[in-house]
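Written out below as structure tokens is the structure these notes cover.
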Amino acid sequence: MEALQRAAQALASARNVLAITGAGISAESGIPTFRGAGGLWEGFRAEELATPEAFGRDPELVWRWYRWRRDICSKAAPNPAHVALVELESRFEEFLLATQNVDGLHPRAGSRKLIEIHGNIDTARCTKCSAILPLDDASEIPGSQVPSCPRCTGRMRPHILWFGETYWPGVLDKAFAAASRANAVLVIGTSAQVWPPAQIALQAQKSGATLIDVNPQPTEISAAADVFLQGKAGDLVPALLHACDRVCGEGIRTS
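Using the numbering used here, you'd call the opening residue of the sequence shown number 116 and step up by one each time.
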């Protein structure tokens, strides 16, 4: 495949790589997107529950939804695309994975050079003292779905970026800094409808990086991409890794 070869050559010649992943990579692990009509839960859309206002009105309802989501995520396993990204991470002088996903599959696969720009479903944040803790460390209140902070007994909320909220300080700065240094940027499984992640990818391209888009269907960012690989991430990301190995003989050079 000519496009795969061009993408492999771009990666093989890169020293610094930025990868951006979205819901598509996790969909291949069986995690639904929770968006739109197909993502209804007890008659509610995600956009109706993932807001500060919804939590203020009915925190128990919001937590029931997140516990249901967390159960789905806990039963899912990282797929070959997640695993291939871990391998890519180990091969570059500088690498950063910025994911929009909150399911925790990247860290479970072994990714360490990672920023979860929308948070993680396994963590909670205290609305009183702002402590961020693993959800399993939060104190359970008998008869309540809402956990409390073990430090101050304040009410805890999911540590996830909700609709209408601004990104946490430093998160986007780190991603944009990586974009300015990247020689190649991989966009995997994202529709690019969420603007900051799309902007990060385009900024990397503007700074000289080769933009490689991996998606089952063309997206808004596909037209701007230098290389578009159409298909499943679980097939194409490992194939891209192997193609890089063929280009370099003994693996991707990092010096």
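Glycine included, C-beta positions come from ideal geometry on N, C-alpha and C. The structure presented is a predicted model; accordingly, all values stated were derived computationally and were not measured.
Q) Mind pulling the alpha helix (DSSP H) runs of 4 or more residues that sit fully within the region 171 to 258? A) 174 to 190, 195 to 204, 220 to 224
Q) Using the C-alpha atoms, what's the distance from residue 298 back to residue 279? A) 33 Å
Q | Alpha-carbon spacing of residue 151 relative to residue 335, whole angstroms | A | For residue 151, the predicted model reports a pLDDT of 45, less than 50, meaning its position is unreliable; a value from the coordinates is still stated below. Taking the straight line joining both Cα atoms gives about 18 Å.
Q: Could you check the C-alpha separation between residue 371 and residue 177 for me, to the nearest Å?
A: In the structure as shown, the chain begins at 116 and stops at 370. Residue 371 is therefore absent and cannot be evaluated.
Q) In whole angstroms, what is the alpha-carbon distance linking residue 312 and residue 355? A) 22 Å
(Q) Please state the DSSP three-state secondary structure of residue 311. (A) helix
Q. To the nearest angstrom, how far is it from the Cα of residue 195 to the Cα of residue 357?
A. 12 Å
Q) Quick one: what's got a C-beta closer than 6 Å to residue 126's C-beta in the same chain, skipping five residues either side? A) 299, 359
**Q.** Expected contact under 8 Å - CB spacing of residue 144 and residue 213 to nearest Å
**A.** About 19 Å separates the two Cβ atoms, so there is no contact after all.
Q) Count the other CB atoms within 10 Å of the CB of residue 268; is the residue buried (16 or more) or exposed (fewer)? A) exposed
Q.
In the DSSP output, which residue or residues are listed as bridge partners for residue 272?
A. 240
Q.
For residue 303, count the other beta carbons within 10 Å of its own beta carbon; 16 or more makes it buried, fewer makes it exposed. Which is it?
A. buried
Q: Run the CB neighbour count on residue 282, radius 10 Å, all protein chains shown included, and call it buried at 16 or more, exposed below.
A: exposed
Q. Which whole-angstrom value is the C-beta distance of residue 163 and residue 260, which I expect to be below 8 Å?
A. Contact doesn't hold; Cβ gap of about 17 Å is too wide.
Q | Proximity winner among 272, 180, 244, relative to residue 238 (alpha-carbon distances) | A | 272
Q) CB-CB under 7 Å to residue 223, same chain, minus the five flanking residues each way: which ones, in chain order? A) 193
**Q.** Top-ranked residue by Cα proximity to residue 208, from 242, 314, 317, 132
**A.** 132
Q. To the nearest angstrom, how far is it from the Cα of residue 264 to the Cα of residue 167?
A. 18 Å
Q. Between residue 266 and residue 246, which are expected to be in contact by the criterion C-beta below 8 Å, what is the C-beta distance as a whole number of angstroms?
A. 5 Å
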